[in-house]
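To keep things clear, I will list the structure first and then write my remarks on it.
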Amino acid sequence: MPKQIPIDPGQTYAADTVRFADIPVHAYRSDLAGERDRWGDDRLRRALRDMMIVREFESMLHAFKSTGAYRGIEYVYKGPAHLSVGQEAAAVGSAMALAPHDQIFGSHRSHGEMIAKGLAAIAAMDAGALAAITGKHDDGRLARFVADHIGDAGGSAGEAFLLTGVLAEIFMRDAGFNRGMGGSMHAFFTPFGAYPNNAIVGGSSGIAVGAALRAQLTGSDAVVLANLGDGSTGCGLIWESMNFAGMGQFRTLWQPPFDRHPPVLFCFTNNFYAMGGQTRGETMAWDRLSRIGAGVGPAQLHAETVDGSNPLAVADAVGRKTRILRAGEGPALLDIECYRYSGHSTTDTNAYRSRDEMKAWQAHDPIARFRARLVEGGVITAEEAAALEEAVGAQIEAVTRAVVDRQKAPAIDIKSNPAIIGEMTFNGETVAPTGRAGDLLIDPADSKAMQSIARKSRSGFDAEGGLLSPMRAVTLRDALSEAILHHLVHDESLIAYGEECRDWGGAFGVHRGFADIIPYHRLFNSPISEAAIVSTAVGYALAGGRALVELMYADFIGRAGDEIFNQLAKWQAMSAGELRLPVVLRASVGSKYGAQHSQDWSSLVTHVPGLRVIYPATPADAKGLMMTALAGNDPTMVFESQRLYDRVETFEAGGVPEGVHGLEFGTAALRRAGDDVTILTIGPSLYPALDAADELSSHGLEAEIIDARTLVPFDYATLVGSVKKTGRLIIVSEAVERGSFANTIAANVTRLAFADMKAAPVVLGAPNWIAPGADMEDSYAPQPHDICDAILGDFFAEKRVNRRGLRDWDIIDMAKRGI
Amino acid sequence: MATEILVPQLGNEVTEAEITEWVAGVGDEVSSGEVVVVISTTKAALEIEAPTDGTLSEIRVDEGELTEVGAVLGVIE
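In order, the protein sequences belong to chains L and B.
First residue of the first sequence? That's 0 in numbering that gives the first Met the number 0, and the numbers climb one at a time after it.
First residue of the second sequence? That's 0 in numbering that gives the first Met the number 0, and the numbers climb one at a time after it.
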């Protein structure tokens, strides 16, 4: 049943006006008496103290960076220090309004955000819950480190744990929250609701939306803050993310209780400078950052500009927005204006702003002002405030003294295990789905699309050995459908989305019929927002869900470059294995359309560590590899050749296995045995290689064909075994030859089997230029005659067979000409 | 006058289709443009509309069966 959101031409063309509501700017009115009633004096004093802790912590980092010493402790800190001195009220005010289980995703400048959230969570937790968290983390090692080396000097056990975990992380030590793998710019500790901060400007926006989607689908009342800077309003991802969180379908198409918006607050700490570029007046079009809310949807993201130098103004605004979010009426946006006194980084000479301006803002120092107000209002005495400041200094000093000591707090031991960082890339876990989702719209057995597949032959051959048509035998497309549907039907934590994923069934029909079975909240059409598609999947997964998302064409990987290469590929290792990212990302390799729709970018994705990369060429493999991908807890990129969607199974004797069928990654398949030459194929190149092997037989040569199946992990053992037998290797793929992963394989096999090789290996890929359109495509993707030319020409020149293909160019000359 | 319901040309490489569902039954009055049968190719489902007003007098290919581009699915009189 297709969706019904009719577009009425009469209504569409009726004269009308698009109206905007006013956006409040600094509407908060200070009322200390009211705030004392609301928060209590103790909480107000803690807010002051929390700001002092953040300030002292960052001043310590600044001291190390600028002078190499802090309070007599000498230490050379080589890492980055993007400090937020002057922004403490934004961080502490936000945290005041949040519950421990509410989540913040950090900005580029987020030490303060994380510390403030942690301090607020610790204060709100009872001792038992806190002890359970500190005792569980890293098997209690950090808690013991604090007890042994810092003790009471670091403040309460919870505070000392937090500050030590953050500082050790910044100093890249094993005792850090993420064993030093995240460092200053990627630190987090989820039990306190402090989720990853992000070194990529705006990087948290889509991840936060994904985490909010997870909260929405699990019925959690948690809200999610995407902490961002004003500079990120120039990044495409934040616009994609705001739109994604505001999609109309949440209200028009999703069924109760899911018919609400993901509870996400786009929380901009607006310090007026994006590094050195001045946002208002120079690099942005907006005059007030909050204006951008008006462009996103009729609710205008409930946008407001608030005073970021006053923690109570921030707490008031964040509190009001969280109530909107918990009611499902989000997303929301806050523009929190405050001034960064510290430079962007420690190499900043403030060349972009005047001394007069910096001086003028000193009068708005959030800590000095709040302290004065509390003293004036009788919440704290001047002496008590001074004692508080001194105690905070001693607390930070005690933590710092313990953490700088490399004897007490060493880095991870790379010498005793040189691959220790590499081993954090993947967890290798498998989670077999059990039971059946309770939210299915119909029994999958009643689906017309599934019945159609069920009528087909599992094998691609009929009883007489004739090849069956793709309407009569299970195709690679059908095999993918079976694998995906099995997981959607048996795993309610799995959601699937991408462009045209629902009614259309995916641009290439892999999701065909799923819309009859899977409800909207687990299968939906996404906007054409590749960056947000991947980014939200990352957030959904690291918040505990599982996501299968689709980019339609592999060429669109470019649109999601950061999200694939810096987020999806990195967070498992940057968290030292703490986070799991069960995301399966599908992309098809096209044909016919030419340069922007026909590229095999499997080499590009393989180049960046952190993703499992698979490229099935047969229906049985497609099913087996997809099932393994979906059952795994590691991020996986699946390449699918559009030319192969209609392929039937011609290798497995029993055809495409029915039911659950997992295929281990990193196991190459022997497709044809031979003694004279080994042909390694990647993806669809298997089929021209088989045709080439038939032709080579007529020349008295028997080729052995090995199908790589997966590129990460890769099976060298099978390949090297074959090359040692044949002595010759050609690798065929549709990736362009320059920089192709095939060259890496060729180089490694040469090292591993050199003594047995009779010739240098040959890499046959696409030439180093654009993919031409359909009529010229056979000059681009390697054809059987190209494979024969390469083998007969390079390995068996004595046979003097005439070349039939076009590839007879001079590598040196071509390279000199840049092609 | 009898009008045949034909399997349309479905793309360069598509030669076969499966009958997913007959929306109209034999004897039903149908009007031009009304969906009478849904067919599927390897990639997508396609709704076939009645080419003319009349009565569906004959179904030549049953649900679940395969047919080819250009074949007669049914007849409207």
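Virtual Cβ for every residue (Gly too), placed ideally from N, Cα, C.
Keep in mind that this is a model prediction, so the values were computed, not measured.
Residue contact with chain B for Gly307/L: absent (no Cβ-Cβ distance below 7 Å to any residue of chain B). Using a CB distance below 8 Å, the part of the stretch 445-476 of chain L facing chain B consists of Lys447, Ala448, Gln450, Ser451, Arg454, Ser468, Pro469, Met470, Arg471, Thr474, Arg476, ordered along the chain.
At a beta-carbon threshold of 9 Å, the residues of chain B lying near Arg511/L are Ser39, Lys42, Ala43, Ala44, ordered along the chain. Apart from the 5 residues on each side of it in sequence, Asp515/L sits with its Cβ closer than 7 Å to the Cβ of Leu440, Ile441, Ser446 in its chain, given in chain order. Comparing alpha-carbon positions, the option among Ala780/L, Val711/L, His363/L lying closest to Thr743/L turns out to be Val711/L.
By the neighbour-count criterion, in which a residue is buried when 16 or more other Cβ atoms sit within 10 angstroms of its Cβ, Trp808/L is exposed.
In terms of CA proximity to Arg44/L, Arg372/L leads the group Cys266/L, Val637/L, Arg372/L. Note on geometry: alpha-carbon atoms of Gly182/L and Arg339/L lie some 22 Å from one another. Of the candidates Tyr592/L, Ala765/L, Arg750/L, the residue whose Cα lies closest to the Cα of Gly772/L is Tyr592/L. Non-local C-beta neighbours of Arg806/L in its own chain, meaning closer than 7 Å and more than five positions away in sequence, comprise Asp785, Asp788, ordered along the chain. Counting of Cβ neighbours within 10 angstroms places Asn226/L among the buried residues, the total reaching 16 or more.
Residue-level contact by beta carbon fails for Leu9/B and chain L, as no gap is shorter than 7 Å.
By the Cβ neighbour-count rule, Met775/L is exposed, with fewer than 16 other Cβ atoms within 10 Å of its own.
Arg279/L carries a helical assignment under DSSP once its states are collapsed to helix, strand and coil. Against chain B, the CB of Gly772/L has no partner CB under 7 Å away; the residue lies outside that interface. Secondary structure at Tyr272/L: strand, using DSSP grouped into helix, strand and coil. At least one C-beta of chain B is nearer than 7 Å to the C-beta of Gly508/L.
Approximately 18 Å separates the beta-carbon atoms of Arg558/L and Glu639/L; this is outside 8 Å, ruling out the contact.
Residues of chain B whose Cβ lies closer than 9 Å to the Cβ of Gly504/L are, in chain order, Lys42, Ala43, Ala44. Interface flag for Asp675/L against chain B is unset, since no Cβ pair is found closer than 7 Å. Non-local beta-carbon contacts of Glu3/B in its own chain, meaning distances under 7 Å to residues more than five positions away in sequence, involve Val71, Val74 in chain order.
Residue pairing by DSSP puts Phe523/L in a beta bridge opposite Tyr496/L.
Within the stretch 698-709 of chain L, contact with chain B at the beta-carbon level (separation under 9 Å) is assigned to no residue. The stretch 331-351 of chain L and the stretch 77-90 of chain L touch, with three or more beta-carbon pairs separated by less than 8 Å. Boundaries of the alpha helix (DSSP H) harbouring Val488/L: 475-489, taken from the DSSP string.
Counting other Cβ atoms within 10 Å of its Cβ, Lys569/L reaches 16 or more and is therefore classed as buried. Among the CB atoms of chain L, none fall inside 7 Å of the CB of Thr66/B. Ala759/L is the residue among Arg816/L, Glu736/L, Ala759/L whose C-alpha sits nearest the C-alpha of Asn747/L. Assignment of Ser39/B by DSSP, reduced to helix, strand and coil, places it in the strand class. In the DSSP assignment, the residues bridged to Glu303/L are Leu333/L. Contact note: Asp812/L does not reach chain B at a C-beta cutoff of 7 Å; the least C-beta distance is about 38 Å. At a cut-off of 7 Å, the C-beta of Asp645/L has a neighbouring C-beta in chain B. In the three-state reduction of the DSSP assignment, Cys787/L falls in the helix class, which pools H, G and I.
Only residues of its own chain outside the window of five on either side were considered, and among them His520 have a CB closer than 6 Å to the CB of Phe257/L, listed in chain order. For Arg671/L, the closest of Thr680/L, Phe664/L, Gly665/L by C-alpha to C-alpha distance is Thr680/L. By the beta-carbon neighbour count (other beta carbons within 10 angstroms, threshold 16), Thr19/B is buried.
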